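J.: From first to last, the protein sequence lines stand for chains Z and E.
Residues 19 to 800 (this note's numbering) are what the first sequence spells out, left to right.
Residues 195 to 481 (this note's numbering) are what the second sequence spells out, left to right.
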Amino acid sequence: MGGMTGTAGAAGTADGAVTTAPVTSALAGHAEPPPHGLGVSLPAADAAAKTQGIYPYAADLWAEGLLWAAVLRSPHPHARILSIDTTEAARMPGVRAVVTHADVPGDTAHGRRIADRPVFASEIVRHHGEPIAAVAADHPDTARLAAAAIAVEYEVLEPVTDPEQAFAAEPLHPDGNLIRHIPLRFGDPEATGEVVVEGLYRIGRQDPAPIGAEAGLAVPRPDGGVEIYTASTDPHADRDLAAACFGLAPERVKVVVTGVPGAMGDREDPGMQLPLGLLALRTGHPVKLAATREESFLSHPHRHPTLLRYRHHADAEGKLVKVEAQILLDAGAYADSSAEALAAAVSFACGPYVVPHAFVEGWAVRTNNPPSGHVRGEGAMQVCAAYEGQMDKLAARLGMDPAELRLRNVMATGDLLPTGQTVTCPAPVAELLRAVRDEPLPALPQDDPDQDWLLPGGPDGAGEPGAVRRGVGYGLGMIHMLGAEGADEVSTATVKVTGSVATVICAAVETGQGFTTLARQIVQDVLGLEEVHVAPVDTDQPPSGPGARSRHTWVSGGAVERAARMVRTQLLQPLAAQFGMSTELLTIADGKITSYDGVLSTTVGEALDGKELWATAQCRPHPTEPLDETGQGDAFVGLAFCAVRAVVDVDVELGSVRVVEMAVAQDVGRVLNPAQARARIEAGITQGVGAALTENLRTSAGQVRRPDLTGYALPTALDTPDIRIVRLVEERDVVAPFGAKAISAVPVVTSPAAVASAVRAATGRPVNRLPIRPQAAVVTAG
Amino acid sequence: MTLPGSLDEAVAALSAMPAAVPVAGGTDLMAAVNSGLLRPAALVGLGRINEIRGWQYQDGHALLGAGLTHARMGRPDFAALIPALAAAARTAGPPQIRNAGTLGGNIASAAPTGDALPVLAALEATLVIAGPGGSRREIPVGHLLTGFDMLRPGELIGYVRVPLLHAPQTFLKATGRTGPGRAVASVAVVLDPARRNVRCAVGAVAPMPLRPLDAERWVASLIDWDGERTLAPEACAAFGDYVAAACIPDPAPALDGGEPGTLPPAALHLRRTVATLARRALGRALA
Numbered sequence: 019m020g021g022m023t024g025t026a027g028a029a030g031t032a033d034g035a036v037t038t039a040p041v042t043s044a045l046a047g048h049a050e051p052p053p054h055g056l057g058v059s060l061p062a063a064d065a066a067a068k069t070q071g072i073y074p075y076a077a078d079l080w081a082e083g084l085l086w087a088a089v090l091r092s093p094h095p096h097a098r099i100l101s102i103d104t105t106e107a108a109r110m111p112g113v114r115a116v117v118t119h120a121d122v123p124g125d126t127a128h129g130r131r132i133a134d135r136p137v138f139a140s141e142i143v144r145h146h147g148e149p150i151a152a153v154a155a156d157h158p159d160t161a162r163l164a165a166a167a168i169a170v171e172y173e174v175l176e177p178v179t180d181p182e183q184a185f186a187a188e189p190l191h192p193d194g195n196l197i198r199h200i201p202l203r204f205g206d207p208e209a210t211g212e213v214v215v216e217g218l219y220r221i222g223r224q225d226p227a228p229i230g231a232e233a234g235l236a237v238p239r240p241d242g243g244v245e246i247y248t249a250s251t252d253p254h255a256d257r258d259l260a261a262a263c264f265g266l267a268p269e270r271v272k273v274v275v276t277g278v279p280g281a282m283g284d285r286e287d288p289g290m291q292l293p294l295g296l297l298a299l300r301t302g303h304p305v306k307l308a309a310t311r312e313e314s315f316l317s318h319p320h321r322h323p324t325l326l327r328y329r330h331h332a333d334a335e336g337k338l339v340k341v342e343a344q345i346l347l348d349a350g351a352y353a354d355s356s357a358e359a360l361a362a363a364v365s366f367a368c369g370p371y372v373v374p375h376a377f378v379e380g381w382a383v384r385t386n387n388p389p390s391g392h393v394r395g396e397g398a399m400q401v402c403a404a405y406e407g408q409m410d411k412l413a414a415r416l417g418m419d420p421a422e423l424r425l426r427n428v429m430a431t432g433d434l435l436p437t438g439q440t441v442t443c444p445a446p447v448a449e450l451l452r453a454v455r456d457e458p459l460p461a462l463p464q465d466d467p468d469q470d471w472l473l474p475g476g477p478d479g480a481g482e483p484g485a486v487r488r489g490v491g492y493g494l495g496m497i498h499m500l501g502a503e504g505a506d507e508v509s510t511a512t513v514k515v516t517g518s519v520a521t522v523i524c525a526a527v528e529t530g531q532g533f534t535t536l537a538r539q540i541v542q543d544v545l546g547l548e549e550v551h552v553a554p555v556d557t558d559q560p561p562s563g564p565g566a567r568s569r570h571t572w573v574s575g576g577a578v579e580r581a582a583r584m585v586r587t588q589l590l591q592p593l594a595a596q597f598g599m600s601t602e603l604l605t606i607a608d609g610k611i612t613s614y615d616g617v618l619s620t621t622v623g624e625a626l627d628g629k630e631l632w633a634t635a636q637c638r639p640h641p642t643e644p645l646d647e648t649g650q651g652d653a654f655v656g657l658a659f660c661a662v663r664a665v666v667d668v669d670v671e672l673g674s675v676r677v678v679e680m681a682v683a684q685d686v687g688r689v690l691n692p693a694q695a696r697a698r699i700e701a702g703i704t705q706g707v708g709a710a711l712t713e714n715l716r717t718s719a720g721q722v723r724r725p726d727l728t729g730y731a732l733p734t735a736l737d738t739p740d741i742r743i744v745r746l747v748e749e750r751d752v753v754a755p756f757g758a759k760a761i762s763a764v765p766v767v768t769s770p771a772a773v774a775s776a777v778r779a780a781t782g783r784p785v786n787r788l789p790i791r792p793q794a795a796v797v798t799a800g
Numbered sequence: 195m196t197l198p199g200s201l202d203e204a205v206a207a208l209s210a211m212p213a214a215v216p217v218a219g220g221t222d223l224m225a226a227v228n229s230g231l232l233r234p235a236a237l238v239g240l241g242r243i244n245e246i247r248g249w250q251y252q253d254g255h256a257l258l259g260a261g262l263t264h265a266r267m268g269r270p271d272f273a274a275l276i277p278a279l280a281a282a283a284r285t286a287g288p289p290q291i292r293n294a295g296t297l298g299g300n301i302a303s304a305a306p307t308g309d310a311l312p313v314l315a316a317l318e319a320t321l322v323i324a325g326p327g328g329s330r331r332e333i334p335v336g337h338l339l340t341g342f343d344m345l346r347p348g349e350l351i352g353y354v355r356v357p358l359l360h361a362p363q364t365f366l367k368a369t370g371r372t373g374p375g376r377a378v379a380s381v382a383v384v385l386d387p388a389r390r391n392v393r394c395a396v397g398a399v400a401p402m403p404l405r406p407l408d409a410e411r412w413v414a415s416l417i418d419w420d421g422e423r424t425l426a427p428e429a430c431a432a433f434g435d436y437v438a439a440a441c442i443p444d445p446a447p448a449l450d451g452g453e454p455g456t457l458p459p460a461a462l463h464l465r466r467t468v469a470t471l472a473r474r475a476l477g478r479a480l481a
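(1) CB Z/L423 to CB Z/L434, shorter than 8 angstroms?
(2) Look at the Cβ atom of Z/Q684, then the Cβ atom of Z/V747, and state whether they are nearer than 8 angstroms.
(3) Taking 8 angstroms as the CB-CB cut-off, is E/R269 touching chain Z?
(4) Below 8 angstroms on C-beta distance, what does Z/D478 contact in chain B?
(5) If we ignore side chains and look at the alpha-carbon of each, how far apart do Z/C263 and Z/L60 end up?
(6) Of the residues that make up the stretch 730-745 of chain Z, which ones have a beta carbon closer than 8 angstroms to any beta carbon in chain E?
(7) Taking buried to mean at least 16 other C-beta atoms within 10 Å of its own C-beta, is Z/P792 buried or exposed?
(8) List, from N- to C-terminal side, the beta strand (DSSP E) runs of 3 residues or more that fit wholly inside the stretch 166-254 of chain Z.
(9) Do Z/V117 and Z/L296 count as a contact pair if the criterion is CB distance below 8 angstroms?
(10) Could you check which residue in Z/V513, Z/L618, Z/P238 has the C-alpha nearest to that of Z/Q588?
(11) So, does the stretch 463-473 of chain E touch the stretch 666-673 of chain Z, judging by three or more C-beta pairs under 8 angstroms?
(12) Taking contact to mean 3 or more Cβ pairs, one atom from each stretch, closer than 8 angstroms, check whether the stretch 389-402 of chain E and the stretch 303-317 of chain E are in contact.
(13) Assess contact between the stretch 548-564 of chain Z and the stretch 583-603 of chain Z, defined as three or more Cβ pairs (one per stretch) separated by less than 8 angstroms. Is contact present?
(14) Along the alpha helix (DSSP H) that carries Z/K759, what are the first and last residues, could you check?
(15) Below 9 angstroms between beta carbons is the criterion; list the residues of the stretch 667-691 of chain Z that meet it against any residue of chain E, in chain order.
(16) I'd like to know if E/H463 contacts chain Z, where contact means its C-beta is closer than 8 angstroms to some C-beta of that chain.
(17) Could you tell me the distance, in whole angstroms, from the CA atom of E/P496 to the CA atom of E/A282?
(18) What first and last residue would you give for the alpha helix (DSSP H) that runs through E/Q290?
(19) CA-CA distance, Z/G720 and Z/P149?
(20) Under 8 angstroms, do Z/R750 and Z/R688 count as touching if we go by C-beta distance?
(21) Using 8 angstroms as the threshold, is the C-beta distance between Z/G563 and Z/V519 below it?
(22) What residues from chain E crowd round Z/T2, counting only those whose CB sits closer than 9 angstroms?
(23) Give me whichever residues DSSP pairs with E/N391 in a beta bridge.
(24) Quick one, which residues of the stretch 103-132 of chain Z are near chain E if we go by CB-CB under 8 angstroms, in chain order?
(25) With H, G and I counted as helix, E and B as strand and the rest as coil, what does DSSP make of Z/G55?
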């Protein structure tokens with residue numbers, strides 16, 4: 019509600035006067051200055067506004083005279099469109115515009131990575147929920163009713179929903195059904211081990227399920243351009259694809275980033291931004307759209323459902339000899355990030371283990387299932403569940419302790435990935451595993467009778483203590499940081515100092531990962547100023563790229579640090595010259611500049627003397643190369659590792675599982691903000707527990723079933739285990755700015771495997787499918 | 195939107211506007227409205243009808259107001275009266291839903307997963323239906339849930355008449371998670387020592403609660419009603435299997451006399467779940 023009052027007065031003009039982020043911090047005005055700089059738990063500046071519900075998100079925006087948009091989506095997963103008749107809808111009172119594929123002035127196909135997705139389906143619909151037309155009307159209900167009144171005649175086609183059938187099926191798209199194939203070959207194909215274990219694993223379709231559904235506001239500009247206010251996580255890429263579709267030069271389209279209400283992958287769905295912009299350009303009015311939860315589930319990309327076949331060879335002592343694997347990713351109807359996900363899946367198919375010989379065949383194929391794309395830990399999470407299943411199988415076959423078997427095989431700095439790349443960054447995998455293994459186990463309920471025992475099934479549930487078995491399992495996971503395979507990773511940042519206030523201007527979007535807090539800490543650290551603001555993001559700023567794989571900590575954080583150092587030099591150079599000393603002998607703290615010997619003491623304000631100092635810098639890590647035709651190449655800038663020990667209780671008669679505790683040890687390089695790091699790990703573990711137990715967007719024959727938060731069960735507080743961060747290993751990565759590594763993704767990658775491993779230990783069942791279904795955790799008598 | 199203050203005013207408002215839809219907690223109805231599935235021409239809000247927000251006693255029965263919330267039914271004083279209904283109310287969704295959702299709404303929505311429904315079926319509750327002109331009629335809850343006797347235009351569920359049995363009752367529910375969730379299967383077991391009955395109903399596995407009458411009679415005949423009222427674990431397990439087989443029967447033999455088909459794994463798992471719930475529910479009722 020407060021968001022409305024914050025924005026209403028300024029809205030309505032086309033010159034960007036719509037307020038999108040609060041400026042004031044509720045923390046301002048404390049008598050005692052909070053600790054600042056790197057390494058402290060600086061709270062987020064917007065935390066108070068967000069917890070009070072007054073932080074404006076895109077769904078709260080308002081502009082005078084705005085119209086409401088609704089998108090008509092396909093009810094079929096695969097159909098030929100015979101005709102689209104919009105006359106009935108256009109005649110409805112209150113309807114201002116109806117647009118279809120025929121109204122797209124520029125490129126009719128788009129995609130953040132590969133332009134293979136139509137703005138509106140024209141001849142063929144390829145997935146349930148694909149946009150077909152959009153309506154702008156003066157009331158949201160009118161818009162929805164008008165969209166429903168568009169008459170579309172379909173010839174329903176047989177959907178291809180089994181990715182294994184996609185190879186032989188008729189092409190679903192002019193680009194064909196095979197999006198990428200990587201046949202990785204590493205070592206000797208004839209090598210064999212004394213012990214061989216095989217397994218088949220299936221991973222379900224996790225949805226990012228952002229707590230705020232997609233929303234946006236498009237405002238036409240007097241120059242014929244348009245401004246789109248939305249929770250974009252890659253505003254420049256979104257601007258470019260929108261401009262191409264609108265037939266406009268990129269500078270005529272501006273994307274203004276609003277608060278992002280949850281992002282585990284790419285936001286905001288172009289299938290919503292593009293109709294919005296088209297309708298604003300068509301009507302000359304601001305147009306707003308707020309997706310329903312159902313639309314949200316239907317439109318944004320999901321985690322790739324994956325089928326994995328594995329064969330592990332080991333010697334009698336449990337040392338791995340060879341891994342053979344086949345990995346099939348279901349990309350859904352459009353390519354999106356499937357090629358990158360496949361590269362991660364194939365490269366990390368053996369996990370953080372030393373494997374002398376590896377033969378991994380990976381495919382990403384097109385189907386009529388819901389679209390797959392970038393969701394935190396994509397590719398790496400699916401293979402982790404499979405290779406850790408294999409490690410458990412191998413331990414069982416050899417009669418070894420599962421943790422000991424893993425310890426015999428873990429990789430370290432200097433070892434090779436199956437891609438031929440040498441691991442040059444810190445890889446303290448053994449230390450991580452020992453840390454979680456040696457942590458005392460949580461007390462069994464019978465040993466701690468004073469404690470209320472939360473049984474599987476929950477309070478007042480059907481759980482019975484006598485039927486509950488406890489299991490302990492392990493997961494070791496890894497993921498790369500930054501874009502891989504030659505992606506040009508670069509970010510630009512500007513730092514400005516006026517008086518004793520610094521401002522950071524950088525197009526890295528705060529998605530909840532804590533970048534704005536980190537940027538403030540970096541500037542506080544370098545310039546010794548306590549008050550640092552981070553400007554709202556729009557595409558008038560230089561690009562910073564998408565938020566993924568903690569790349570903003572690296573590239574955008576690195577750019578902010580460089581810019582801040584340049585400002586520092588500009589500030590201190592004249593003083594240093596005046597006193598005949600080097601700038602290194604001067605320090606800035608709490609707004610005061612002092613020299614090492616105390617001779618010089620002034621304030622930043624005095625040194626500036628009313629001037630403003632600006633500096634802009636870029637950060638571009640060392641380049642990578644694409645994987646070649648045998649899956650070889652130095653494709654990754656850096657790697658991050660994590661070990662998780664899961665403790666579960668399973669009611670073996672009902673098959674209900676409760677994760678009691680997750681103990682985590684993680685390779686973080688350096689902790690820049692301890693509270694934030696812990697929060698990110700806890701969030702990642704929780705998302706992983708969801709993927710392990712409940713989160714699966716079900717389809718039948720390509721139709722999404724129950725696209726709502728009742729049908730799609732996210733973990734609640736009761737489902738979330740006790741998360742114990744046992745150790746954060748701080749071995750600095752010398753090539754990364756500040757030595758810090760990616761934090762958010764690797765717990766998501768690792769925790770589902772650990773939960774599955776623990777359920778295996780509790781039940782003795784194979785548990786080769788995620789999420790774990792109750793029938794897979796039942797132990798039948800006899 | 196009208197907000198009547200009494201049951202008869204509400205009935206009058208509904209009769210005056212046949213297109214109006216009554217709304218109590220709105221936990222199902224408003225979700226349908228918000229997602230655009232339902233566009234009621236008008237709403238008659240039942241939240242101000244105080245007479246249906248509590249309960250009263252009537253010759254060995256409790257007359258429960260249809261506006262009782264799940265949160266209210268979950269409290270200990272109510273649990274002392276009708277333990278199984280209190281247990282069902284405590285498992286019905288997160289606290290926000292329990293604070294708003296009502297007993298009458300649970301019946302009127304008649305969702306297969308409605309948590310109160312198997313309990314009401316096992317209790318053989320009757321519904322007091324308020325109609326135009328101050329009329330009242332009573333129908334068994336099962337008649338409404340099976341569609342045997344529907345609400346007529348202008349009618350509202352006013353009260354639910356439930357026998358006070360002064361004996362253990364249990365409600366158990368299996369969900370896919372530890373947090374609040376919809377039932378995969380639920381089982382209510384009530385003991386009626388006066389009539390020497392065991393009554394059981396299974397929810398969520400069919401469009402309406404199922405009563406395994408043969409299993410009820412069989413297990414009631416095993417119980418020493420004048421003595422300890424206990425059963426061997428094997429008898430409870432047999433009861434569970436009996437209930438489960440009655441609710442999820444084997445496929446019928448083929449007409450040509452061929453081998454009957456087998457249940458798919460998901461149905462077998464559901465049957466095992468019902469058997470486990472029924473065994474545990476009876477065991478806890480007799481403990």
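In this text, a Cβ means the ideal position worked out from N, Cα and C, and glycines have one as well.
Everything numeric in this text was worked out from a predicted model, so none of it was measured.
T.: In this structure, then:
(1) no
(2) yes
(3) no
(4) Of the chains in the structure shown, none is chain B; the protein chains are Z and E.
(5) 42 angstroms
(6) A731, P733, T734, A735, L736, D737
(7) buried
(8) 169-174, 196-204, 213-221, 233-238, 244-248
(9) yes
(10) Z/V513
(11) yes
(12) yes
(13) no
(14) No alpha helix (DSSP H) contains Z/K759, which DSSP labels as neither H nor E.
(15) D669, E671, L672, G673, S674, V675, R676, V677
(16) yes
(17) Lying before the first or after the last residue shown, residue 496 of chain E is absent from chain E, which here runs from 195 to 481.
(18) 289-294
(19) 16 angstroms
(20) yes
(21) no
(22) Past the edges of chain Z, shown from 19 to 800, lies residue 2 of chain Z, and the structure says nothing about it.
(23) E/D386
(24) none
(25) coil
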